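Q:
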Amino acid sequence: MRVAFGPPSPEPVLRSEEVGAPEDLDPDPPLYPSGRWVWLWLFFVVLLPLGYAVASGLYVQHQLQVRRARREAAMARKREEARAQAAARRRRKAQQERAERAFAQARFAEAEEAATSILRLSPTVPRMRWLRARARYYQGKLEEAEQDLDVLIEKLVPAEGSLRTRGLVRALQGRRGEALADLRAALRLSPRSAYTALWIAGLGGGKEALAPFLAGNAWTSELARFVAGQGSLADLLARAKKAPNDRKRRERLCEAHGYAGLLADAEGRWPAARTHYQACVATGVTEFIEYRWAEQRLRQDRPLPAGPADPPLLERDEGAPR
Numbered sequence: 000m001r002v003a004f005g006p007p008s009p010e011p012v013l014r015s016e017e018v019g020a021p022e023d024l025d026p027d028p029p030l031y032p033s034g035r036w037v038w039l040w041l042f043f044v045v046l047l048p049l050g051y052a053v054a055s056g057l058y059v060q061h062q063l064q065v066r067r068a069r070r071e072a073a074m075a076r077k078r079e080e081a082r083a084q085a086a087a088r089r090r091r092k093a094q095q096e097r098a099e100r101a102f103a104q105a106r107f108a109e110a111e112e113a114a115t116s117i118l119r120l121s122p123t124v125p126r127m128r129w130l131r132a133r134a135r136y137y138q139g140k141l142e143e144a145e146q147d148l149d150v151l152i153e154k155l156v157p158a159e160g161s162l163r164t165r166g167l168v169r170a171l172q173g174r175r176g177e178a179l180a181d182l183r184a185a186l187r188l189s190p191r192s193a194y195t196a197l198w199i200a201g202l203g204g205g206k207e208a209l210a211p212f213l214a215g216n217a218w219t220s221e222l223a224r225f226v227a228g229q230g231s232l233a234d235l236l237a238r239a240k241k242a243p244n245d246r247k248r249r250e251r252l253c254e255a256h257g258y259a260g261l262l263a264d265a266e267g268r269w270p271a272a273r274t275h276y277q278a279c280v281a282t283g284v285t286e287f288i289e290y291r292w293a294e295q296r297l298r299q300d301r302p303l304p305a306g307p308a309d310p311p312l313l314e315r316d317e318g319a320p321r
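Per numbering that gives the first Met the number 0, the sequence shown runs over residues 0 to 321.
1) With a threshold of 8 Å, are at least 3 pairs of Cβ atoms found where one atom belongs to the region 164-182 and the other to the region 224-240?
2) So what's Pro302 in DSSP terms, helix, strand or just coil?
3) Just the Cα atoms here: how many angstroms apart are Arg251 and Leu222?
4) Which of the three DSSP states is assigned to Glu286 in this structure?
5) Would you identify the three-state DSSP class for Val124, choosing helix, strand or coil?
6) Are the CB atoms of Val168 and Ala184 nearer to each other than 7 Å?
7) Do you know whose CA, among Arg165, Arg70, Glu80, Val226, lies nearest Asp149's CA?
8) My guess is that Ile117 and Gln95 are in contact by the Cβ rule of under 8 Å, so how many angstroms apart are they, rounded?
9) Quick one: measure Cβ to Cβ for Leu171 and Gly204, integer angstroms, because I've assumed they're closer than 8 Å.
10) How long is the line joining the alpha carbons of Val124 and Gln229, rounded to whole angstroms?
11) Is the region 98-113 touching the region 128-142, taking contact as three or more C-beta pairs under 8 Å?
12) Buried or exposed, going by whether 16 or more other CB atoms sit within 10 Å of the CB of Gln84?
13) With 16 other CB atoms within 10 Å as the buried threshold, where does Arg76 fall?
14) Looking only at its own chain, which residues have a Cβ that is under 8 Å from the Cβ of Val280, when we skip the five neighbours before and after it?
15) Between Ala214 and Lys206, is the Cβ-Cβ spacing less than 7 Å?
16) Can you list, in chain order, the residues of its chain whose CB lies under 8 Å from that of Ser189, leaving out five sequence neighbours each side?
17) Quick one: residues in its chain with C-beta nearer than 7 Å to the C-beta of Arg97, no 5 flanking neighbours on either side, listed in chain order?
18) Quick one: Cα of Arg321 to Cα of Arg89, how far?
19) Would Met74 be called buried (16 or more neighbouring beta carbons within 10 Å of its own) or exposed?
20) In the structure shown, what three-state DSSP assignment does Ser55 receive?
21) Note down the Cα distance separating Ala52 from Gln64, rounded to an integer number of angstroms.
22) Go through its chain and collect everything with a Cβ distance to Ala278's Cβ below 6 Å, but skip five positions before and after it.
23) Count the other C-beta atoms from every protein chain shown that fall within 10 angstroms of the C-beta of Ala227, then say buried if there are 16 or more, exposed otherwise.
24) In the structure shown, what three-state DSSP assignment does Ala105 receive?
25) Would you call Thr282 buried or exposed, if buried means 16 or more other Cβ atoms sit within 10 Å of its Cβ?
26) So what does DSSP say about Ser220, is it helix, strand or coil?
27) Please state whether DSSP places Leu213 in a helix, a strand or coil.
28) Quick check on Ala81: does DSSP put it in helix, strand or coil?
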């Protein structure tokens, strides 16, 4: 073995190609990232926002379609409801015209049926309630007529005509006390109604209501003086026959015999009352309340009934003309 003496020699410099450098110490890294990072970047930066945008757009489009469909369905329902309401109005109008036509032609059963079909759907129609009440009254259905009049007066539109009619219906049922209360209420609503005052006096409610109508030369004044005992039936009938035409003559004869029958009825003289009622009905003036009262009394064909709370029947002065 050879031993060298002297200063130590420097460390030898090894070249990389001789030693072999590791890969992670590569002095020349690649210019672009690896494929894995590229896909991650594409997913998070491009694909994910793009997918969210597409999904959001599809969702918004779906919601718009849903809203449009709901709006169209609501509009279709409204159109259908409008058509149904229009059809119902047409049917109701046709039924109303039928009821009024039947009533005008004295077909009261048909008028009642048509009015009932309307009131079944619309119970607050005063016109049809009033028509049905009168149709029932004219058929002699007094209790049913009173029920309609109760609704009309207490829940809808109280008026002189409905109160007066209910008074007559109650009087026909033997409740003259209640009848007079209705008639007085009707007179308070229409203080100038001479005919309401005539009914009050004729049913035994006192002659005071006739005071405003006694003076003058009007036909109603002539009736008031007769009912008050200040005139004779002969004078009243003579005045009625002097009417200017046949229609007016029959109207006045209807009223004259109607109130003459009412007075005889209230005095308990049924045979005389029947004769006057028959003469009243013979005039054919069917739209007058006196005619309908006479018709109902002839249908009952008995003395006017009275209840325990009713005022006493009229007592005519012996010297008063009959």
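The beta carbon of each residue, even a glycine, is placed where N, CA and C say it ideally should be. Here the structure is a predicted model, which means the values were calculated and not measured.
A: In short:
1) Output reads no: the region 224-240 does not touch the region 164-182.
2) Taking the sequence shown and counting its residues from 1, one reaches residue 302 at position 303. In this structure, Pro302 counts as coil in the three-state DSSP scheme.
3) Along the sequence shown, read from residue 1 onward, the residue named residue 251 stands at position 252. Along the sequence shown, read from residue 1 onward, the residue named residue 222 stands at position 223. Each residue's Cα considered, the two are about 10 Å apart.
4) As a first step, residue 286 is located in the sequence shown; it is residue number 287 there, counting from the start. Glu286 falls in the coil class under three-state DSSP.
5) Along the sequence shown, one-based indexing puts residue 124 at 125. Looking at Val124 - three-state DSSP - the assignment turns out to be coil, as it is neither helix nor strand.
6) Here residue 168 corresponds to residue number 169 of the sequence shown, with the count starting at 1. Here residue 184 corresponds to residue number 185 of the sequence shown, with the count starting at 1. No, the Cβ-Cβ distance between Val168 and Ala184 is not below 7 Å.
7) Start at 1 with the first residue of the sequence shown, and residue 149 comes out as number 150. When each option's Cα is compared against that of Asp149, the closest is Arg165.
8) Stepping through the sequence shown from its first residue, residue 117 is reached at position 118. Stepping through the sequence shown from its first residue, residue 95 is reached at position 96. Confirmed, about 6 Å.
9) Counted from its first residue, the sequence shown places residue 171 at position 172. Counted from its first residue, the sequence shown places residue 204 at position 205. With 8 Å as the limit, Leu171 and Gly204 do not qualify as a contact, their Cβ atoms being about 16 Å apart.
10) The residue labelled residue 124 in the question sits at position 125 within the sequence shown. The residue labelled residue 229 in the question sits at position 230 within the sequence shown. If you take the alpha carbons of Val124 and Gln229, they lie about 44 Å apart.
11) Taking a cut-off of 8 Å for Cβ pairs, the region 98-113 and the region 128-142 touch, as three or more such pairs fall below it.
12) Translated into positions along the sequence shown, residue 84 becomes position 85. Result: exposed.
13) Numbered from its first residue, the sequence shown carries residue 76 at position 77. Burial call: exposed.
14) Within the sequence shown, the letter at position 281 stands for residue 280. Tyr290, Ala293, Glu294, Leu297.
15) Within the sequence shown, the letter at position 215 stands for residue 214. Within the sequence shown, the letter at position 207 stands for residue 206. The Cβ atoms of Ala214 and Lys206 do not sit closer than 7 Å to each other.
16) Mapped onto the sequence shown, residue 189 falls at position 190. Excluding its 5 nearest sequence neighbours in each direction, Ser189 has C-beta neighbours in its own chain below 8 Å: Glu159, Thr195, listed in chain order.
17) By one-based count along the sequence shown, residue 97 stands at place 98. Closer than 7 Å at the Cβ level, and outside the excluded window around Arg97, lie Ala113.
18) Here residue 321 refers to the residue found at position 322 of the sequence shown. Here residue 89 refers to the residue found at position 90 of the sequence shown. Here the model assigns Arg321 a pLDDT of 37, short of 50, so the residue's position is not dependable, and the following value carries that caveat. The straight-line gap from Cα to Cα measures roughly 55 Å.
19) Against the sequence shown, residue 74 aligns to sequence position 75. Classification of Met74: exposed, given that the 10 Å Cβ count is below 16.
20) Residue numbering aside, residue 55 sits at position 56 when the sequence shown is read from its first letter. When DSSP states are grouped into helix, strand and coil, Ser55 belongs to the helix group.
21) One-based indexing of the sequence shown puts residue 52 at position 53. One-based indexing of the sequence shown puts residue 64 at position 65. Put simply, the backbone Cα of Ala52 is about 18 Å away from that of Gln64.
22) Reading the sequence shown from its first residue, position 279 is the one you call residue 278. His256.
23) By 1-based counting over the sequence shown, the position of residue 227 is 228. Counting Cβ neighbours within 10 Å, Ala227 comes out buried, since at least 16 surround it.
24) Mapped onto the sequence shown, residue 105 falls at position 106. DSSP places Ala105 in the coil class of the three-state scheme, outside both helix and strand.
25) The residue you call residue 282 lines up with position 283 of the sequence shown. Buried: at least 16 other Cβ atoms inside 10 Å.
26) Counted from its first residue, the sequence shown places residue 220 at position 221. The answer is helix: DSSP assigns Ser220 an H, G or I state.
27) Position 214 of the sequence shown holds residue 213. Leu213: coil per DSSP, three-state reduction.
28) To locate residue 81, count along the sequence shown from 1; it is residue 82. Under the three-state reduction of DSSP, Ala81 is assigned to helix.
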